[in-house]
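Step one of this worksheet: look at the structure below.
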Amino acid sequence: MSSDNYLISALVPTYNSERFMRGLLEDLEAQTIASQLEIVIVDSNSPQKEGEIVKEFQKRYNNIVYLRTDEWENSHKATNRAIQLAHGKYLTLACTDDRHKRDAFERMVSVLEARPDIGLVYANSFITVEENETFSKHTLAGRYRWADFDPLKLLYGCFIGPQPMWRKKLHQTYGGFDENLKSAGDWDLWLHFAEGETFLHIDEFLGLYLYSPTSSEHRDPELSKREAQAVRNRYIHREPELKKRQEKAQINLPATSGLLALVVKDEKTKKEELEQCVERLRGFNTDKDGLSVKVVKAHLDVPENDLNVTVSPKTPLALKALSQGVNWEARYVLLLSPHTLIIPSSLSRLLAVAESDPSIAVVGPTSNEGPIMQRVEKKYDELQHGLELYAKGRETEYGNGWGDVPYLGNSCLLFKSEVISQIGGINDRLSLTEALWNLYLRLREKGFKLACALGAYVHQAEIREDKGLGFNDIADGERLFDLGDTDGAKRIFGKIHLADPNRIEALNNLGVIAYQQEAIDDAISYFTRVLKINPDYFESVENLGNCMVTQKAYREAIHWFKKALELKPDDVTILNSLANCYIQIEDFTGAEEVYSKSYHLNSGQVHVGEILVELGRLKVERRITP
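Numbers 321 to 946, taken from the working numbering, label the letters of the sequence shown in order.
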């Protein structure tokens, strides 16, 4: 590949990293976007044999640049050399001991490509303490779920993570890494970028970080502390400017007044049905309620004709179009099944509800089928005049009223592009239903709402047995539970349990719901039944421990948490729960021992460090008290 065609350059400084190099190169070359990836390795005169491994890979791949210096240089100087050698439009750090999800680079690039106003993106990371594990198969020791971007908060701590991606052109304005810094150089550069650039947190786990006590920031904590203070002092005088930029740092799309309509065709769609749907949409190209409603083409999946609408032959393409649509300048994206009959006034109600509250991200109408929160049981004449009469009656009765719902059926959905883009877009590598559930969860975690527009009505011309979503398995119940629909989840798990009394996932989830509803005895009964079927079912063992804590039966809780640790010895959450039980029975030595192990596995637990200090003080007091 020509050097001009690389989209991304992965920057790899290396020294004494022979044992990691092969795994790193395998990880990078396995990226879904590897055909557009350049790997730039700067070897700082390492005494080990990284170079031999690199040359082996260069025989197989033509996208690897390798430079060995004549003397040792710190990682920031080596990274600056890599930046000078890089040809990619975007740059990312690729430390030799870290690993990535296979589509990590593709996901990050898609955001940067769609959002020219964003200078840098960063995502969450899983933590491991085992060397050379992969993202898909690793021993989880913790998680780094980073904060959303705030330029002022960045002044008081670095939360950009170990694997960000940024535009190479930023170095023309801000320069490179400070080569005088050993551990805080990354934070220093991010603060420099943040003076004029906006970052975006992609709230997904895309990286695997190796926690190592021998890394620069952990090997010499005093040096790290001094450098952190020096970096903070360097930028602290700019705090007033950063405060002004706080509001500007919110992620917003250009305020345009367009509507992109996507019609999803499936194998049941008849030609005349599709043509009628398109004709109806064409008739909506009017100015309604102060909004310019415009139907546009998303991509060339349709025959050459004058249809101003995307027709996608199967769901994955529909999802690709939806993902692209929210990144365009259309203010709203409408996803519509051709089996769905909609009139202009109902579309106007959807738009009006979306406009009524900035926290609303997705709007759906009422309908004759779909989730119970949207479904209207009233039957009526399916002819067009009957539909219009009933829909306008609802409009008169409910106007722009809406209900906050945990999820929406997918036959007619209006997406607010600004909000969807703000949280990192749609994961178009999933099925349509899975992608929508994933989107709904992320939206609700960020405080956004899904709205059912009570004054809007659409009619499903083809009644489906599953009432829109087809809930029939454990995963469906868990999705409802995650979205806050506890009763719906309980119904699904109950049905599964009736069909198969030994289905341990259903029993465990029924126990979790009972625990949440403070029916502790019922919860204990469910978890105990699980363990009679499978004594090593980790989730129920842990849950029994939590039930005992709720009942203040701490010695019984200790029994169950120890059992859980036999199954997962390095589970930090279980270790902390066990240590807390020891504190409750005033076994401070036991608590200190367990908390110490937890802290060793993840030293980022500030509260655990504080507890260890307090436990040490209590032990001293006990020894000196007469």
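Don't be surprised by glycine CBs; every beta carbon is placed ideally from N, CA and C.
Euclidean distance between Cα positions of T909 and L759: Rounded to whole angstroms, T909 to L759 spans 46 Å at the Cα level.
Have a look at G477 and T334 and give me their C-alpha separation to the nearest angstrom. In a straight line, the C-alpha of G477 is about 26 Å away from that of T334.
Option in V682, A711, L520 and V892 with minimal Cα separation from I663: For I663, the closest C-alpha among the options V682, A711, L520 and V892 is that of A711.
Those runs of the alpha helix (DSSP H) which lie wholly inside the region 857-924 and span at least 4 residues: Qualifying alpha helix (DSSP H) stretches, in chain order: 858-870, 874-887, 892-904 and 908-921.
Helix, strand or coil, according to DSSP, for F735 in the structure here? DSSP places F735 in strand when its eight states are reduced to three.
For S329, the first and last residue of its enclosing beta strand (DSSP E): It spans I328 to T334 - the beta strand (DSSP E) in which S329 sits, taken as one unbroken run.
Grouping DSSP H, G and I as helix and E and B as strand, with all else coil, what is L752? The three-state reading of DSSP puts L752 in helix, counting H, G and I together.
Suppose you measure from the CA of A873 to the CA of V725; what does that come to, to the nearest Å? Their backbone Cα atoms lie some 38 Å apart in a straight line.
In angstroms, rounded to a whole number, what distance separates the CA positions of V949 and E862? Residue numbering for the chain in the displayed model covers 321 to 946; residue 949 lies beyond these limits and cannot be assessed.
Name the residue from W757, G729, I680 and S860 whose alpha carbon lies nearest to the alpha carbon of T660. Among W757, G729, I680 and S860, the Cα nearest to that of T660 belongs to G729.
For the beta strand (DSSP E) that G439 lies in, which residues bound it at each end? G439 -> beta strand (DSSP E) spans I438 to T448.
Shorter than 8 Å, the distance from the beta carbon of V850 to the closest heavy atom of the ligand ATP, or not? As for the ligand ATP, it is missing from this structure, which has no ligand bound.
Simplified DSSP assignment, three categories, for M693: For M693, the three-state secondary structure derived from DSSP is coil.
Just to confirm my understanding: we take W880, look at its own chain, exclude 5 residues before and 5 after, and list those with CB closer than 7 Å. What are they? Only V861, L864, G865 and M868 meet the Cβ criterion.
Buried/exposed call for S269, threshold 16 Cβ in 10 Å: Here the chain covers residues 321 to 946 and nothing more, so residue 269 does not appear.
Touch test, the region 392-403 against the region 324-343, Cβ-Cβ under 8 Å, three pairs minimum: In short, these stretches touch, since the Cβ pair count reaches three.
If contacts are defined as beta-carbon pairs under 8 Å, then F525 and S445 qualify, I think. What distance do you get, rounded to the angstrom? Separation of the CB atoms of F525 and S445 is rounded to 7 Å, and the pair is thereby assigned contact status at 8 Å.
Cross-strand partners of C597 (DSSP beta bridge): Note: C597 sits in no beta bridge, so no partner.
How big is the Cα-Cα spacing for R422 and T412? Here the C-alpha atom of R422 lies approximately 15 Å from the C-alpha atom of T412.
Helix or strand or just coil, what does DSSP make of H420? The answer is strand: DSSP assigns H420 an E or B state.
Closest residue to E825 among G808, N854 and F455 (Cα-Cα distance): When the alpha-carbon of E825 is set against those of G808, N854 and F455, the nearest one is in N854.
Length at least 4, wholly inside the region 657-694: the alpha helix (DSSP H) runs in chain order: List check, alpha helix (DSSP H) in window: 664-676.
Between the Cα of K488 and the Cα atoms of L327, E798, Q836 and K736, which residue gives the shortest distance? Residue L327 holds the alpha-carbon nearest to the alpha-carbon of K488 among L327, E798, Q836 and K736.
Out of Q780, H420, P367 and E346, which one is the CA nearest neighbour of I384? Measuring from the Cα of I384, the nearest candidate turns out to be E346.
What does K769 pair with, by DSSP beta-bridge criteria? K769 pairs with I680.
Which residues share a DSSP beta bridge with W722? Note: W722 sits in a beta bridge opposite A773.
Through-space distance from E906 to R811, alpha-carbon basis: One C-alpha to the other measures close to 42 Å.
Residues near Y386 by beta carbon distance below 6 Å, same chain, minus five either side: Around Y386: I361 and V374.
Simplified DSSP assignment, three categories, for W392: Three-state DSSP puts W392 in coil, outside helix and strand.
With respect to the alpha helix (DSSP H) encompassing W466, which residues constitute its N-terminal and C-terminal limits? That residue, W466, is in no alpha helix (DSSP H); it is neither H nor E in DSSP.
Residues near L501 in its chain [Cβ-Cβ closer than 7 Å; skip 5 each side]: If you ignore the 5 residues before and after L501, its C-beta comes within less than 7 Å of the C-beta of H396, D508 and E547, all in its own chain and listed in chain order.
List the residues that DSSP assigns as beta-bridge partners of E358. E358 pairs with S329.
Minimum C-alpha distance to F469 - residue among A681, H458, L520 and V696: Measuring from the Cα of F469, the nearest candidate turns out to be L520.
Hey, Y464 and G481: beta-carbon distance below 9 Å or not? The answer is yes: Cβ separation under 9 Å.
Give the single residue among P685, A776, F455 and Q780 whose Cα lies nearest to the Cα of A597. Sequence inspection shows Cys at residue 597; the Ala mentioned does not correspond to that position. Considering only alpha carbons, the answer is Q780.
Going by alpha carbons, who is nearest to M261 out of S668, W722 and V673? There is no way to answer for residue 261, as the model of the chain reaches only from 321 to 946.
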